[in-house]
Amino acid sequence: MAQIYLGTGGFEFIETRKYWYIIGAAVMLACIATIVFRGFTPGIEFVGGTQMQMPAEGAAGEIDPDEAGEVVSEAIGVEPSVTQLVGSGDAASVQLRMETLTVSETDQVKSALFDEFQPVGVDGSPSEVAISDSAVSASWGGEITQKALIALVVFLVLVSVFIALYFEKWMAVAALVALAVDLTVTAGVYSMVGFEVTPATVIGLLTILGYSLYDTVVVFDKVNENTRGLLNLSRQTYGEAANLANNQTLMRSINTSLTSLLPVLGLLLIGAGLLGAGTLKDLALVQAIGITVGTASSIYIAVPVLVDLKMRDQEYRDQAARVYSRRGLARRGAGSQGDEAPDTGDDEVLSSEVRKEKAYAAAASVPARTPKRSKSGASPSAKPAGKSSGTPTGKSSGKSAGRPSGKRGR
């Protein structure tokens, strides 16, 4: 935990990315299969219809939602599409949803429900006023759907342009891949649970998309900092710098996720579970799923995808080759000391490391200056064996020292 907090945990997110890709693909396929074969439960706001709601407590005791559906079917010959118990305790109520009814049909259903169950009103006595109804047209639901899709498309386009301009194009692509995973998994889990899709669900979905992008941008900013001037260095590859950024921001991602999940779980468990607020249930569930999936995708999907995209560029492949070549030379030699990756976030350190790398490359390109030895092993500057010092080859040394040959001294 101390290493995670300090950012020195050294978890290999990039080296093991193939396993995360496989896990992510399996989860997405399961979610897609659930969406295709099971589908969603659209709320009345999207399909239109009439909804009736009454307290779950009647004069004879607790009201069974299935029995209430049978009463409606007998009264007007229309079977409710949804009969469910929402909330708990004193806030519990029976909710019935059916196709759009006329005013007379609505009155018939209310009378039949009151005669059968006599739901208790707020004053503690049976009252037909305790049965409420609301009608929504299908056209209004279609308009909401259209606006939600437009908002989603505009959101994705603006985010892509922002990331591409602020960072680079490959980071924008990686962020969109992570967003696609978040959308698919969140929608799949929502389909598995069977909760109704309401306007609150759409709002929650757009909220978690923003959260997921926030977490991704934080990690990308650290990656960008760690890879400044990387092409001029040969200490670490792009993947290693990105993996370091993931470790350095891991604790921040965990803390952000936990502090975001706690109030959302409060909405889900207390607001929806105890108080029976259905809108809070729709909003809290999609946010809880999205925050969890968004944090995981930022760490295990966004950064690995970014590394794969960056390594498609020849310049980064060449830089990685130089890194491995330098390490190979170090292993064959006595080993290098103090060869840790520099802090490229500091301009002075980065400039110093770039100068060292240029000097290293220049020294490596200078040819050897050691004189070549002859086959006998003697140095070219060595004197021939058997010759006297200062005596020309092939001449006699019998003359007197210091007098020219054949001349008298003066």
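Per the numbering used here: the sequence shown = residues 147 to 556.
We put the beta carbon where it would ideally sit given N, CA and C, even for glycine.
All values reported here derive from a predicted model rather than from experimental measurement.
Residue environment: Q433 is assigned as buried (16 or more neighbouring CB atoms within 10 Å of its CB, all protein chains considered).
The Cβ atoms of T383 and Q465 lie closer than 8 Å to each other.
By DSSP's assignment, P272 forms a beta bridge with V266. Here DSSP, grouped into helix, strand and coil, assigns A281 to strand.
I168 counts as exposed, since fewer than 16 other C-beta atoms from the protein chains shown sit within 10 angstroms of its C-beta.
Fully enclosed alpha helix (DSSP H) runs of no fewer than 4 residues occupy 396–412 and 424–443 of the stretch 386–452, in order along the chain. With a 10 Å radius around the Cβ and a threshold of 16 neighbouring Cβ atoms, F366 comes out buried. Taking the Cα positions, G223 is about 52 Å away from I447.
Distances from the alpha-carbon of T405 to those of R163, R468 and T438 put T438 closest. In this structure, A214 places its C-beta atom within 8 Å of the C-beta atom of F263.
Going by DSSP, S239 is part of the beta strand (DSSP E) stretching over S239 to M244.
When DSSP states are grouped into helix, strand and coil, E203 belongs to the strand group. Per DSSP, the beta-bridge partners of M198 are L242 and D279. A check of alpha carbon separations from N389 across L352, I445, V343 and G436 identifies I445 as the nearest. Between A310 and D428, the C-beta gap is not smaller than 8 Å, which leaves the two residues out of contact. Judged by beta-carbon spacing, P226 lies within the 8 Å limit of V218, meaning their Cβ atoms are closer than that value. For L322, the enclosing alpha helix (DSSP H) starts and ends at K315 to V339. Contact between the stretch 180–196 and the stretch 282–293 is present, with at least three C-beta pairs closer than 8 Å. Following the DSSP letters along the chain, one finds V232 inside the beta strand (DSSP E) bounded by residues V228 to V232.
Close CB contacts of T353 within its chain, under the 7 Å cut and outside five residues either way in sequence, are with Q433 (chain order). One Cα belongs to V451, the other to L351, and the distance between them is close to 23 Å. Here T187 carries a strand assignment [DSSP, helix/strand/coil].
Between the alpha carbons of L302 and E314 lies a gap of roughly 16 Å.
Listed as beta-bridge partners of V343 by DSSP are P188.
The straight-line gap separating the alpha-carbon atoms of D328 and K256 is approximately 43 Å. In the DSSP assignment, S219 falls within the alpha helix (DSSP H) that extends over P211 to I222. Contact between S399 and D454 does not hold, since the beta-carbon distance rounds to 21 Å and is not under 8 Å.
Residue pairing from DSSP places E208 in a beta bridge opposite E203. Counting only residues of its own chain and dropping the five nearest sequence neighbours on each side, R163 has a CB closer than 6 Å to the CB of P450.
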